[in-house]
Structures are given as structure tokens and as C-alpha cells.
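In this note's numbering, the protein residues as written are 69 to 246. The beta carbon of each residue, even a glycine, is placed where N, CA and C say it ideally should be.
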Amino acid sequence: MAVEPIIDLSPLDLSRREMSRADIARFNPHRGVMAQLDGVVWLASDLTAGVAVKEVRADEFWCAGHIPGYPIMPGVLMIEAGAQLASLLYYRRSATRCFAGFVRIEEVVFRGQVVPGDTLFLLCKEIKYSPKRFITSIQGMVRGEVIFEGVITGMMFPNMGEIRPPGDEAAARPAPTA
């Protein structure tokens with residue numbers, strides 16, 4: 069049975085990029101091979117939902133070992149990509165620059181494979197938000213089919229201090245006051 073996307077993609081131009089990798093890096097702390105989002109296609113004006121894209125390349129760090137001869141994107145990286153979109157929405161919406169990481173993964177189902185050459189669209193929709201914690205539904209889609217889905221919970225970690233993207237102090241926001 070086909071699963072419905074949590075966001076209707078039909079009115080969106082999926083080739084459009086509202087944010088580039090560099091724009092995403094102004095908010096998300098992920099760098100190098102762990103930066104999983106190549107762009108943002110759309111963000112809801114209230115920042116409660118979004119669609120991002122990952123172009124899955126043959127030179128990804130996991131291709132040689134997962135699985136030799138038939139590289140398959142690890143499920144944990146699909147979830148990580150969805151979590152990075154959820155984090156981006158959180159950082160854009162909140163006043164904090166403290167690290168926010170995911171602390172719970174629930175109801176995850178993998179319904180297909182993602183391989184080099186695929187374009188993976190990540191969908192994220194808020195379930196619950198507070199300045200210190202967020203819960204979102206995430207999905208990944210390839211060729212119009214939902215490949216994975218789940219619910220993630222993210223949380224702010226103030227003890228880790230402020231995140232300041234290298235060389236981009238203008239993007240840094242002040243830490244929240246108590």
C-alpha cells in the first residue's frame with residue numbers, strides 16, 4: 069500500500085532551491101561528509117514544515133563499504149538527513165544558537181532503497197515545538213515514492229555552548245537568556 073507524503077509536493081517546483089548548501093551551513097553545524105542536505109526546496113512561512121534535497125552521488129563516503137558492488141545509502145544517514153532538515157527549521161525558528169540534536173527516533177519504516185544517482189527529497193512537518201524541544205514527522209522520497217518515514221525528537225543542549233559557523237559570525241545569534 070502506497071504511503072501518502074506528509075507534504076503535498078505537487079504545487080512545488082522541485083528543481084528550485086530556496087537555500088543552498090552555504091545557506092544551510094549558516095544555521096546547521098554539520099560540515100564535510102556529514103552535511104547531508106544539498107539544498108532546500110521549500111520552507112513554510114511559519115517554519116513548521118519544509119522540503120530539502122540530497123543528490124546521492126557515487127563518491128559518497130559510504131559507497132565502497134555499504135554494500136560493495138551495490139551501494140545502498142544507510143538508513144541511519146537517511147534519518148540523519150531528515151533530522152538535519154528538522155534542525156534547520158528549529159534553528160530558523162528559535163532564537164538559540166545552542167546545539168540541537170536528536171534524542172529519539174520512533175516509528176521508522178524503510179520502504180525502499182536509495183542508491184547513487186537518486187535524488188532524495190526530505191520532507192519534515194512539525195508535530196510539537198517549544199524553544200527547547202521539537203518533535204517532527206520526517207519522510208524521504210525518491211521518484212515520487214516514500215522510501216522511509218519516522219518521527220524524531222530533537223532537543224537543545226545548552227551545555228555545549230553556542231554554535232558559530234566558521235567564518236560566519238554575522239549568522240550567529242545570541243544565546244538565550246534565562
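| message | Check this for me: beta carbons of Leu-145 and Val-119, under 8 angstroms apart or not? | response | no
| task | Rounded to whole angstroms, what's the CA-CA distance from Lys-193 to Asp-76? Just pull it up for me. | result | 11 angstroms
| If you follow the alpha helix (DSSP H) that Met-146 is part of, which residue opens it and which one closes it? | Bounds of the alpha helix (DSSP H) holding Met-146 are 143 to 161.
| field | Candidates Pro-184, Pro-199, Ala-103, of which the one nearest Tyr-138 by Cα | value | Of Pro-184, Pro-199, Ala-103, the residue nearest in Cα terms is Pro-184.
| task | Look at Val-171 and Thr-187 and say whether their C-beta atoms are less than 8 angstroms apart. | result | no
| task | Give the secondary structure of Ile-140 by DSSP, where H, G and I count as helix, E and B as strand, and everything else as coil. | result | coil
| Spatially closest choice to His-98 from Leu-111, Glu-174, Tyr-159, Asp-114, by CA coordinates | Tyr-159
| query | Mapping DSSP to helix, strand and coil, what is Ala-112? | reply | The answer is coil: DSSP assigns Ala-112 none of H, G, I, E or B.
| field | As assigned by DSSP and simplified to three states, the class of Arg-172 | value | strand
| Ala-151 vs Gly-222 beta-carbon contact at 8 angstroms | Between Ala-151 and Gly-222, the gap from beta carbon to beta carbon is short of 8 angstroms.
| Cβ-based neighbour list, Cys-131, same chain, cut-off 7 angstroms, excluding 5 preceding and 5 following | Pro-139, Pro-184
| request: Report, in whole angstroms, the separation of the C-beta atoms of Gly-218 and Glu-175, which I expect to be a contact under 8 angstroms. | output: 6 angstroms
| message | Which residue wins for smallest C-alpha separation from Arg-85, given the options Asn-96, Leu-111, Ala-70, Gly-143? | response | Leu-111
| field | Lys-122 classed as buried or exposed, judged by whether at least 16 other C-beta atoms fall within 10 angstroms | value | Label assigned to Lys-122: buried.
| field | Cβ shell of Val-177 (< 6 angstroms), same chain only, five flanking positions each side left out | value | Glu-217
| message | Given this structure, state the Cα-to-Cα distance separating Asn-227 from Leu-157, to the nearest angstrom. | response | 21 angstroms
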